[in-house]
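Visitor: In terms of my numbering, the sequence shown is residues 2 to 451.
Just so it is clear, CB atoms sit at the ideal spot from N, CA and C, and this is done for glycine as well.
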Amino acid sequence: MQIVIVGAGYVGLVSSACFAEFGINVTCVDSDSERVRELQDGRVPIFEPGLEDLVKRNAAAGRLAFRDRLSDAIGEADAVFIAVGTPSRRGGQAADLSFVQQATRDIATGLSPVSSRTVIVTKSTVPVGTAALIEQIVVATRPELVPGRDFDVASNPEFLREGSAIEDFMHPDRVICGTESVHAEHVLRELYAPLDVRNLPMMFTDRATAELIKLAANSFLAMKVSFINEMADLCERCDADVQDLAQGLGLDPRIGPRFLHPGPGFGGSCFPKDANALVAIARELDVDVRLVETTIRVNEARKAAMADRVREVMDGDIAGKRIAVLGVTFKPNTDDLREAPSLIIVPKLLEMGASVTAYDPAGSAAPRALPEFRHVRWADSAEAALRDADAVVVLTEWNEFRGLAAHRIADLLREPVVIDLRNALNAQEMRNAGLRYYGVGRGRIHPLGP
Ligand SMILES: NC(=O)c1ccc[n+]([C@@H]2O[C@H](COP(=O)([O-])OP(=O)(O)OC[C@H]3O[C@@H](n4cnc5c(N)ncnc54)[C@H](O)[C@@H]3O)[C@@H](O)[C@H]2O)c1
């Protein structure tokens, strides 16, 4: 089989490499020529464990190629996947579909006149009705093409998570496909056959439902995170422990243990934008989705409140204090900074008069370029960030930080204050080393100190 994937970002690149690994011939197209040149030279422009090897191996085997022009790539492709970005529209909640629309026009132009009935598949997370819109754009661009005869449009939302994207693609919980076309269903089943062999739940539904499943899934997970964050606040007031609470809740299979980790608020390229997109769609359709609306508000307030928490535990004043920040990406094992809590918390700490020295294992090149981090100093190791700081704030739970020895932290810090907004460190060890340790939802905000 032969497919084209439009977009060489997290989703497009991972999907391209994984489909190629299945033995499918994949051309991955990105309009960013610089990115394509890097990929053609064997360099992978994003940080994702295992991706570089997979890309190199499949490119060397001749199954994976990169192009910057879609029209050169489509030919007789069995399917073209759209995996371009769908960010929130500037100043609004709804998804910006301009990249999808442009990609669709390019696909329509590239479809061969005697088409092999290519299936256009949306992998991007899109509003309900986008598959129908894509169909209209193709017909408006190429009036001679008839849907269901010359091409089909299907929805196949992607559920991979950055940081474990390859594992998620290769061993998904489910593959959701939205199509009413027998031909499209056949093509999708064949493409995913290497997974299906292992009895993967592959669900077929209509296009609108498939589109909505993705937005509903991310909104639900966002709600779960905000729920446990509120429980953490409650635990702090009544001297309870949210880690044990989460475990107790999660043992109920109706609730499940995952996504019950309190922290500084959810971020990333998906949860905030997809929850907002769901709200925008519901408003347009005059439906109340107050739980999701509230989740968004609760999360925004939480990120902002985290800087106040740092100030509170540092006796109400951080002006002139040096704070070491460990981790700025929205989660570990990615270099993605989109909507990361650090983008709100760090500027607030700076505004309050603190100086910030940060370290992130994914490097400082990308964060340095962001205006939010203009006044941040960057260290090239966790230890260098900690040296002579008045407090350390853990913002991302990279494994590297879990390995920091408590006595070493105590030696490096000027003041023994550890504010662990991810509950990533061992509270008991910190306490034994004489540190004032503040976790999230683990008893009162007074320290678990000596
Ligand atoms: N990142 C995730 O973890 C994740 C998970 C599941 C779903 N998604 C969804 O998948 C989609 C893509 O997300 P991402 O994080 O991979 O985005 P991304 O921003 O990392 O990558 C998008 C790529 O598309 C390219 N592009 C844009 N318009 C193009 C065009 N007309 N032709 C060719 N290339 C074009 C861009 O240059 C960019 O490289 C989004 O809808 C997102 O919500 C993302």
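Look at the alpha carbon of residue 449 and the alpha carbon of residue 245, and state the distance between them as a whole number of angstroms.
Guide: Reliability fails at residue 449, whose pLDDT of 48 lies under 50, so the model's placement of it is uncertain and the value that follows must be treated cautiously. Cα to Cα, the separation comes out at about 16 Å.
Visitor: Quick one: Cα of residue 392 to Cα of residue 126, how far?
Guide: Cα to Cα, the separation comes out at about 40 Å.
Visitor: Closest to residue 335 by C-alpha separation, out of 19, 49, 23, would be which residue?
Guide: It is 49 whose Cα lies nearest to the Cα of residue 335.
Visitor: Beta-carbon within less than 6 Å of residue 426's beta-carbon, same chain only, minus the 5 sequence neighbours each way: which residues are those?
Guide: none
Visitor: For residue 126, is the beta carbon positioned less than 7 Å from some heavy atom of ligand 1?
Guide: yes
Visitor: Does the Cβ of residue 103 lie closer than 7 Å to at least one heavy atom of ligand 1?
Guide: yes
Visitor: Between the alpha carbons of residue 277 and residue 88, how many angstroms are there, rounded?
Guide: Rounded to the nearest angstrom, the two C-alpha atoms are 10 Å apart.
Visitor: Can the beta-carbon of residue 117 be found closer than 8 Å to that of residue 153?
Guide: Their beta carbons are not under 8 Å apart, which means residue 117 does not touch residue 153 by this criterion.
Visitor: Using only the alpha-carbon positions, how far apart do residue 37 and residue 314 sit?
Guide: Looking at the two C-alpha atoms, the distance is approximately 48 Å.
Visitor: Please state whether DSSP places residue 60 in a helix, a strand or coil.
Guide: helix
Visitor: Shorter than 7 Å, the distance from the beta carbon of residue 7 to the closest heavy atom of ligand 1, or not?
Guide: For residue 7, the shortest C-beta to heavy atom distance toward ligand 1 is below 7 Å.
Visitor: Quick one: residues in its chain with C-beta nearer than 7 Å to the C-beta of residue 213, no 5 flanking neighbours on either side, listed in chain order?
Guide: 129
Visitor: Apart from the five residues just before and just after residue 420, which ones in its own chain have a Cβ nearer than 8 Å to its Cβ?
Guide: 310, 311, 314, 392, 393, 394, 395, 439
Visitor: Distance check for residue 248 and residue 237, CA to CA, integer angstroms please.
Guide: Approximately 17 Å between the Cα atoms of the pair.
Visitor: For residue 175, name the three-state secondary structure that DSSP assigns.
Guide: If DSSP states are grouped into helix, strand and coil, residue 175 belongs with coil.
Visitor: Using the three-state DSSP reduction, which class does residue 156 fall into: helix, strand or coil?
Guide: strand
Visitor: Assess contact between the segment 26-45 and the segment 153-167, defined as three or more Cβ pairs (one per stretch) separated by less than 8 Å. Is contact present?
Guide: no
Visitor: Grouping DSSP H, G and I as helix and E and B as strand, with all else coil, what is residue 345?
Guide: helix
Visitor: Assign residue 285 to one of two classes, buried (16 or more other C-beta atoms within 10 Å of its C-beta) or exposed (fewer than that).
Guide: exposed
Visitor: Just tell me which of 86, 381, 234, 11 has its CA closest to the CA of residue 307.
Guide: 234
Visitor: With a Cβ-Cβ cutoff of 8 Å, do residue 324 and residue 355 count as a contact?
Guide: yes
Visitor: Within this structure, are the beta carbons of residue 82 and residue 16 separated by less than 8 Å?
Guide: Going by C-beta atoms, residue 82 is nearer than 8 Å to residue 16.
Visitor: Name the DSSP beta bridge partners of residue 204, please?
Guide: 177
Visitor: Distance check for residue 416 and residue 435, CA to CA, integer angstroms please.
Guide: 11 Å
Visitor: Take residue 451 and list the residues in its own chain whose beta-carbon comes closer than 7 Å to its own, dropping the five residues that flank it on each side.
Guide: Summary for residue 451: the model assigns pLDDT 41, below 50, so the residue's position carries little reliability, and this model does not support an answer.
Visitor: So, helix, strand or coil for residue 233, using DSSP?
Guide: helix
Visitor: Suppose the cutoff is 7 Å on Cβ atoms and the five residues either side in sequence are ignored; what does the same chain contact list for residue 18 look like?
Guide: 52, 55, 56, 59, 65
Visitor: Please state if the CB of residue 178 and the CB of residue 219 are separated by a distance shorter than 8 Å.
Guide: no
Visitor: So, are the CB atoms of residue 296 and residue 185 less than 8 Å apart?
Guide: no
Visitor: Exposed or buried, what is residue 437 when buried is set at 16 or more other beta-carbons lying within 10 Å of its beta-carbon?
Guide: buried
Visitor: Using only the heavy atoms of ligand 1, determine whether one of them is closer than 7 Å to the beta carbon of residue 71.
Guide: yes
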